[in-house]
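**Student:** Sharing a structure here in structure tokens format.
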Amino acid sequence: MTAAPAIERATEAAAQAAHKETLPTPVALERGRTATVVGILGLFGFLGIFGAVRARRSEAFDLAMSLKVQGRRSPFLDRVMAAASWLGFPPQSRVVPPAIIASLFALRFPVEAGFEALAWGTGLVSTVLKEIMKRPRPIAGEDLRVVAAPLGGSSFPSGHVITYVGTYGFLAYLAHTLIRPVAVRRTVVGALVALLALVGPSRIYQGHHWPTDVTASYMLGTSYVVALTALYRRVKGGRRRARRVDPRA
Numbered sequence: 122m123t124a125a126p127a128i129e130r131a132t133e134a135a136a137q138a139a140h141k142e143t144l145p146t147p148v149a150l151e152r153g154r155t156a157t158v159v160g161i162l163g164l165f166g167f168l169g170i171f172g173a174v175r176a177r178r179s180e181a182f183d184l185a186m187s188l189k190v191q192g193r194r195s196p197f198l199d200r201v202m203a204a205a206s207w208l209g210f211p212p213q214s215r216v217v218p219p220a221i222i223a224s225l226f227a228l229r230f231p232v233e234a235g236f237e238a239l240a241w242g243t244g245l246v247s248t249v250l251k252e253i254m255k256r257p258r259p260i261a262g263e264d265l266r267v268v269a270a271p272l273g274g275s276s277f278p279s280g281h282v283i284t285y286v287g288t289y290g291f292l293a294y295l296a297h298t299l300i301r302p303v304a305v306r307r308t309v310v311g312a313l314v315a316l317l318a319l320v321g322p323s324r325i326y327q328g329h330h331w332p333t334d335v336t337a338s339y340m341l342g343t344s345y346v347v348a349l350t351a352l353y354r355r356v357k358g359g360r361r362r363a364r365r366v367d368p369r370a
């Protein structure tokens with residue numbers, strides 16, 4: 122019983138500190154207006170790759186690129202690529218995103234928590250597309266290597282990549298638009314962008330996906346995040362206007 126007030130006070134203090142280090146809503150909204158064209162291009166790119174894979178026109182390219190990526194093997198790269206993929210495997214893939222969402226909510230960012238939950242929804246998009254495509258995964262051969270891992274579903278799209286882009290891409294957007302201290306903002310965004318940049322090559326390097334699986338996932342995931350950020354800006358802008366009408370809100 123005595124611990125509850127202390128926890129409540131600590132949570133309140135953390136929330137106040139977090140809000141002091143975040144930018145005002147108008148500035149945050151202005152920072153997120155530049156990605157619409159990228160999202161549209163990403164969607165068209167995904168559709169183009171989807172059609173090529175469906176028609177089996179990418180097989181020679183996929184094999185050649187996979188062998189090229191895997192040709193640069195080293196113990197150091199083995200560790201880096203394994204680390205890049207680690208968050209996408211269970212149980213951590215089912216623990217880390219909910220923990221991020223819960224943390225945002227606890228720090229009194231309920232809108233951001235809700236949209237981060239929607240961003241995690243790219244995992245569902247991946248599941249649906251895998252059922253539609255049913256593309257076989259790479260099979261280990263004389264030159265092609267496949268690292269043992271708990272894999273599920275078909276190869277197209279890459280669940281790791283599209284889920285990372287949704288979950289950690291939107292989190293990077295929130296960090297970029299909300300965090301006030303420049304050094305902290307750049308560190309957080311840089312770490313998340315590095316994770317996003319590495320996960321795609323890691324899936325090819327480990328032999329779990331074809332290059333077109335990865336590229337299409339980056340494109341579709343980016344389009345999803347762009348659409349989500351547009352909706353987020355609209356919701357945040359609406360809440361800001363509502364506060365102007367009712368100062369007590």
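The sequence shown begins at 122 in this note's numbering and counts up one residue at a time. Yeah, the Cβ is synthetic: ideal placement off N, Cα and C, and Gly gets one too.
Assign I260 to one of three DSSP states: helix, strand, or coil.
**Tutor:** Working through the sequence shown from its first residue, we reach residue 260 at position 139. DSSP places I260 in coil when its eight states are reduced to three.
**Student:** In angstroms, rounded to a whole number, what distance separates the CA positions of A238 and S338?
**Tutor:** The residue given as residue 238 occupies position 117 in the sequence shown. The residue given as residue 338 occupies position 217 in the sequence shown. When rounded, the distance between both Cα atoms is 19 angstroms.
**Student:** Using CA atoms only, rank isn't needed, just tell me which of V268, E233 and M186 is closest to M202.
**Tutor:** Position 81 of the sequence shown, counted from the first residue, corresponds to residue 202. Of V268, E233 and M186, the residue nearest in Cα terms is V268.
**Student:** Using the Cα positions of A185 and R324, report the straight-line distance between them to the nearest angstrom.
**Tutor:** Locating residue 185 in the sequence shown gives position 64, counting from the first residue. Locating residue 324 in the sequence shown gives position 203, counting from the first residue. Each residue's alpha carbon lies about 15 angstroms from the other.
**Student:** Is F210 closer than 8 angstroms to A270 when the C-beta atoms are compared?
**Tutor:** For the purposes of this step, residue 270 is taken as residue 149 along the sequence shown, with counting starting at 1. For the purposes of this step, residue 210 is taken as residue 89 along the sequence shown, with counting starting at 1. Yes, the pair counts as a contact, with Cβ atoms nearer than the cut-off.
**Student:** Quick one: what's got a C-beta closer than 6 angstroms to M340's C-beta in the same chain, skipping five residues either side?
**Tutor:** Counted from its first residue, the sequence shown places residue 340 at position 219. Same-chain partners within the cutoff: G163, G166 and F167.
**Student:** Drop a sphere of 10 angstroms on the beta-carbon of S279, count the other beta-carbons inside from all chains shown, and report buried for 16 or more, exposed for fewer.
**Tutor:** For this step, residue 279 is matched to residue 158 along the sequence shown. Result: buried.
**Student:** Would you report the Cα separation of P74 and Q191, rounded to the nearest angstrom?
**Tutor:** Examination of residue 74 is not possible in this model, given that the chain is present from 122 through 370 alone.
**Student:** Measuring straight from C-alpha to C-alpha, what distance separates R393 and L316?
**Tutor:** Residue 393 cannot be examined here, being either before or after the span of the chain that is shown, 122 to 370.
**Student:** What separation, rounded to the nearest whole angstrom, lies between the Cα atoms of P302 and S187?
**Tutor:** Position 181 of the sequence shown, counted from the start, is the residue given in the question as residue 302. Position 66 of the sequence shown, counted from the start, is the residue given in the question as residue 187. Answer to the nearest angstrom: the Cα atoms are 41 angstroms apart.
**Student:** For Y353, I'd like the list of residues in its chain whose CB is within less than 6 angstroms of its CB, leaving aside the five on either flank, ordered along the chain.
**Tutor:** The sequence position of residue 353 within the sequence shown is 232, counting from 1. Excluding positions up to five away in sequence, the list reads F236.
**Student:** Distance check for Y289 and V159, CA to CA, integer angstroms please.
**Tutor:** Counting from one through the sequence shown, the residue named residue 159 turns up at place 38. Counting from one through the sequence shown, the residue named residue 289 turns up at place 168. In a straight line, the C-alpha of V159 is about 18 angstroms away from that of Y289.
**Student:** Pick out whichever of S247, G273, L250 and G311 has its Cα sitting closest to the Cα of R258.
**Tutor:** Position 137 of the sequence shown, counted from the start, is the residue given in the question as residue 258. The option with the nearest alpha carbon to R258 is G273.
**Student:** Identify which residue in G172, L295 and V286 has its Cα closest to the Cα of G244.
**Tutor:** Here residue 244 refers to the residue found at position 123 when the sequence shown is read from its first residue. Ranking the options by Cα distance to G244, first place goes to V286.
**Student:** When we look at the beta-carbon of R256 and count the other beta-carbons within 10 Å, is it buried (16 or more) or exposed?
**Tutor:** To locate residue 256, count along the sequence shown from 1; it is residue 135. R256 comes out buried.
**Student:** Considering only the beta carbon of each residue, do H330 and S276 sit closer than 8 angstroms?
**Tutor:** Locating residue 330 in the sequence shown gives position 209, counting from the first residue. Locating residue 276 in the sequence shown gives position 155, counting from the first residue. Yes, they are a contact pair.
**Student:** How would you write the range of the alpha helix (DSSP H) that Q213 sits in, first residue to last?
**Tutor:** As a position in the sequence shown, residue 213 is number 92, starting the count at 1. Residues Q213 to A227.
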